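K.L.:
Here the sequence shown stands for residues 0 to 271, where the numbers follow numbering that gives the first Met the number 0. This is the structure I want to talk about, given as structure tokens.
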Amino acid sequence: MDREVFYIAGYDPKSYRFYYDLFKKNLKDYSHAFNIKADLSKIEKNEPFPFFKISCEGVETKYHFLTWNDIVKKNWSENYKDALADCYSFFRIYTITGLFIKFGKESIYQLITGYYPFFYVLFSLLFSLVLAFGSFAFLQNYMHFSLAIIIGCFLGFLLNHFLFKLGKKLAVFWIARICAFCATWQDKKTGTMQKRIKLFANVIVDKLKQNESKQDYELILVAHSVGTIVCIEVLEYILRQNLDLSLLRKLKILTLGECIPLVSYQKKADEF
Numbered sequence: 000m001d002r003e004v005f006y007i008a009g010y011d012p013k014s015y016r017f018y019y020d021l022f023k024k025n026l027k028d029y030s031h032a033f034n035i036k037a038d039l040s041k042i043e044k045n046e047p048f049p050f051f052k053i054s055c056e057g058v059e060t061k062y063h064f065l066t067w068n069d070i071v072k073k074n075w076s077e078n079y080k081d082a083l084a085d086c087y088s089f090f091r092i093y094t095i096t097g098l099f100i101k102f103g104k105e106s107i108y109q110l111i112t113g114y115y116p117f118f119y120v121l122f123s124l125l126f127s128l129v130l131a132f133g134s135f136a137f138l139q140n141y142m143h144f145s146l147a148i149i150i151g152c153f154l155g156f157l158l159n160h161f162l163f164k165l166g167k168k169l170a171v172f173w174i175a176r177i178c179a180f181c182a183t184w185q186d187k188k189t190g191t192m193q194k195r196i197k198l199f200a201n202v203i204v205d206k207l208k209q210n211e212s213k214q215d216y217e218l219i220l221v222a223h224s225v226g227t228i229v230c231i232e233v234l235e236y237i238l239r240q241n242l243d244l245s246l247l248r249k250l251k252i253l254t255l256g257e258c259i260p261l262v263s264y265q266k267k268a269d270e271f
């Protein structure tokens, strides 16, 4: 059997090589656990998107990376100002509008995950202010007023800086960034992103047409996290091509860790 897999990663600045190395490691563990022999090729770049091949017991798989991490990098920031902006956007879009009630009814666990960054930032600021004012109140009894202010502010800054670094390691701000990105998807998808979506779709349509006569061929579109949102847009473009039903039957969809409700629940998401 011949199989082609097209993978759309989530909102992640990492390149396709990270996912290739991850696949390579997991395939080794999987092969050992289930006693399956599989050969993995190196990454090739002689097509629109990088790919590698997997040979395994009568199945030849060609695994393509539909990359968009270059677009993510342009919207990716790890400074404190942007982290605060993302948390504010989350509060404005999900809390003030009452949208959190709808999410809570569907899945309380996802709602808790979404509010995790907001409360982390809120309590980080609160603890830092408490330390700053507490230090000032204590130290002013033993030193000059102005020096106590400086030390208090410095200690508050140090704690806030430490909590920010810790939050980055715990992926706190990454979650907030995803929520903010998805909430503004209708605006974010225009321009370069729209062109990339059409390119993804055209590559898939071309592959389906090239293998139209093959009976033992399938094409699997795999999407993860925010990639599932991109996947929906790609599918919409593919379906607009009015392909023959025999071709569409060769197309399979696999979505993981879906972020679709983060877009579909928005008031401006009717088109999506």
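Using N, Cα and C, we set each Cβ at its ideal position, and we do this for glycine too. Please read all numbers here as calculations on a predicted model, not as lab measurements.
Leaving out five residues on either side along the sequence, give the residues of the same chain with a beta carbon under 7 Å from the beta carbon of R195.
P.N.:
Translated into positions along the sequence shown, residue 195 becomes position 196. W67 and I70, listed in sequence order.
K.L.:
Roughly how many angstroms separate the alpha carbons of D205 and K23, rounded to a whole number?
P.N.:
The residue given as residue 205 occupies position 206 in the sequence shown. The residue given as residue 23 occupies position 24 in the sequence shown. When rounded, the distance between both Cα atoms is 27 Å.
K.L.:
Would you mind giving the Cβ-Cβ distance between K101 and Y264, rounded to the nearest angstrom? I have them listed as a contact below 8 Å.
P.N.:
Along the sequence shown, read from residue 1 onward, the residue named residue 101 stands at position 102. Along the sequence shown, read from residue 1 onward, the residue named residue 264 stands at position 265. Yes, they are in contact, since the Cβ atoms of K101 and Y264 sit about 6 Å apart, within 8 Å.
K.L.:
Under a Cβ-count criterion, where at least 16 other Cβ atoms within 10 Å of its own Cβ denotes burial, should N241 be classed as buried or exposed?
P.N.:
On the sequence shown, residue 241 is found 242 positions in, with the first residue counted as 1. By the neighbour-count rule (16 or more Cβ atoms within 10 Å), N241 is not buried but exposed.
K.L.:
Return the chain-ordered list of same chain residues with a C-beta closer than 6 Å to the C-beta of A222, the five sequence neighbours on each side being excluded.
P.N.:
Looking up residue 222 in the sequence shown gives position 223. Excluding positions up to five away in sequence, the list reads I7, C230 and T254.
K.L.:
Reducing DSSP to helix, strand and coil, say where K27 ends up.
P.N.:
For the purposes of this step, residue 27 is identified with residue 28 of the sequence shown, where counting begins at 1. Three-state result, K27: helix.
K.L.:
Beta-carbon separation of F172 and D85 under 8 Å?
P.N.:
Taking the first residue of the sequence shown as 1, we reach residue 172 at position 173. Taking the first residue of the sequence shown as 1, we reach residue 85 at position 86. Yes, the Cβ-Cβ distance between F172 and D85 is below 8 Å.
K.L.:
Rounded to whole angstroms, how far is the Cβ of D1 from the Cβ of D215, which I believe are closer than 8 Å?
P.N.:
Sequence index remark: in the sequence shown, residue 1 carries index 2 (1-based). Sequence index remark: in the sequence shown, residue 215 carries index 216 (1-based). At roughly 6 Å, the Cβ-Cβ gap stays under 8 Å, so D1 and D215 are in contact.
K.L.:
Using beta-carbon positions only, say whether T227 and I203 come within less than 8 Å of one another.
P.N.:
As a working note, residue 227 is residue 228 in the sequence shown. As a working note, residue 203 is residue 204 in the sequence shown. No, the Cβ-Cβ distance between T227 and I203 is not below 8 Å.
K.L.:
Name the DSSP bridge partner or partners of Y18?
P.N.:
Working through the sequence shown from its first residue, we reach residue 18 at position 19. BP columns for Y18 are empty, so no partner.
K.L.:
Can you tell me the Cα-Cα spacing of D10 and I177, whole angstroms?
P.N.:
Stepping through the sequence shown from its first residue, residue 10 is reached at position 11. Stepping through the sequence shown from its first residue, residue 177 is reached at position 178. The question names Asp, but residue 10 in the sequence shown is Tyr. Near 7 Å, if we compare the C-alpha coordinates of I177 and Y10.
K.L.:
For A304, does the count of other Cβ atoms within 10 angstroms reach 16, so buried, or fall short, so exposed?
P.N.:
No information on residue 304 is available, as it lies outside the stretch 0 to 271 that the chain covers here.
K.L.:
Can you give me the start and stop residues for the beta strand (DSSP E) that H160 sits inside?
P.N.:
Counting from one through the sequence shown, the residue named residue 160 turns up at place 161. Where H160 is concerned, there is no enclosing beta strand (DSSP E), although the alpha helix (DSSP H) it sits in stretches over F144 to K168.
K.L.:
Please say whether L198 and L250 have beta carbons closer to each other than 8 Å?
P.N.:
As a working note, residue 250 is residue 251 in the sequence shown. As a working note, residue 198 is residue 199 in the sequence shown. No, the pair does not count as a contact, with Cβ atoms beyond the cut-off.
K.L.:
Have a look at F156, H143, K188 and V4 and flag the residue whose alpha-carbon is nearest the alpha-carbon of L124.
P.N.:
Mapped onto the sequence shown, residue 124 falls at position 125. Considering only alpha carbons, the answer is F156.
K.L.:
With the cut-off set at 8 Å, would you say S134 and G151 are in Cβ contact?
P.N.:
Counted from its first residue, the sequence shown places residue 134 at position 135. Counted from its first residue, the sequence shown places residue 151 at position 152. In contact: S134 and G151 (Cβ atoms closer than 8 Å).
K.L.:
Distance check for F90 and G97, CA to CA, integer angstroms please.
P.N.:
For the purposes of this step, residue 97 is identified with residue 98 of the sequence shown, where counting begins at 1. For the purposes of this step, residue 90 is identified with residue 91 of the sequence shown, where counting begins at 1. Using only the alpha carbons, I get a separation of about 10 Å.
K.L.:
Assuming Y6 is part of the alpha helix (DSSP H), what are its boundary residues?
P.N.:
In the sequence shown, residue 6 corresponds to position 7, counting from 1. Not the alpha helix (DSSP H): Y6 falls in the beta strand (DSSP E), residues D1 to I7.
K.L.:
Would DSSP call A37 helix, strand or coil?
P.N.:
Taking the first residue of the sequence shown as position 1, residue 37 is located at position 38. Coil at A37, not helix or strand.
K.L.:
I'd like to confirm the pairing. Which residues does DSSP put opposite K251 in its beta bridges?
P.N.:
Taking the sequence shown and counting its residues from 1, the one referred to as residue 251 is at position 252. DSSP, once it has assigned bridges, lists I219 as partnering K251.
K.L.:
Nearest to K187 by CA position, among N74, G57 and L130, is which residue?
P.N.:
Walking along the sequence shown from the start, residue 187 turns up at place 188. Checking every option, the nearest Cα to that of K187 belongs to N74.
K.L.:
Residues in its own chain within less than 6 Å of S54 by CB, not counting five upstream and five downstream?
P.N.:
Counted from its first residue, the sequence shown places residue 54 at position 55. Around S54: D38.
K.L.:
Would you identify the three-state DSSP class for I259, choosing helix, strand or coil?
P.N.:
Here residue 259 corresponds to residue number 260 of the sequence shown, with the count starting at 1. Correct three-state label for I259: helix.
K.L.:
Quick one: Cα of L234 to Cα of A200, how far?
P.N.:
As a first step, residue 234 is located in the sequence shown; it is residue number 235 there, counting from the start. As a first step, residue 200 is located in the sequence shown; it is residue number 201 there, counting from the start. Rounded to whole angstroms, L234 to A200 spans 7 Å at the Cα level.
K.L.:
Hey, L158 and L130 are a contact pair by Cβ (cut 8 Å); roughly how many whole angstroms apart?
P.N.:
On the sequence shown, position 159 is the one that residue 158 refers to. On the sequence shown, position 131 is the one that residue 130 refers to. The pair is a contact, with the Cβ atoms about 5 Å apart (cut-off 8 Å).
K.L.:
Between F64 and Y93, which are expected to be in contact by the criterion C-beta below 8 Å, what is the C-beta distance as a whole number of angstroms?
P.N.:
Here residue 64 is taken as the residue at index 65 of the sequence shown, counted from 1. Here residue 93 is taken as the residue at index 94 of the sequence shown, counted from 1. Not quite, the Cβ-Cβ distance comes to about 32 Å (not below 8 Å), so this is no contact.
K.L.:
Given this structure, state the Cα-to-Cα distance separating P12 from K72, to the nearest angstrom.
P.N.:
By 1-based counting over the sequence shown, the position of residue 12 is 13. By 1-based counting over the sequence shown, the position of residue 72 is 73. P12 and K72: Cα-Cα distance of roughly 5 Å.
K.L.:
Please state the DSSP three-state secondary structure of Y236.
P.N.:
On the sequence shown, position 237 is the one that residue 236 refers to. Correct three-state label for Y236: helix.
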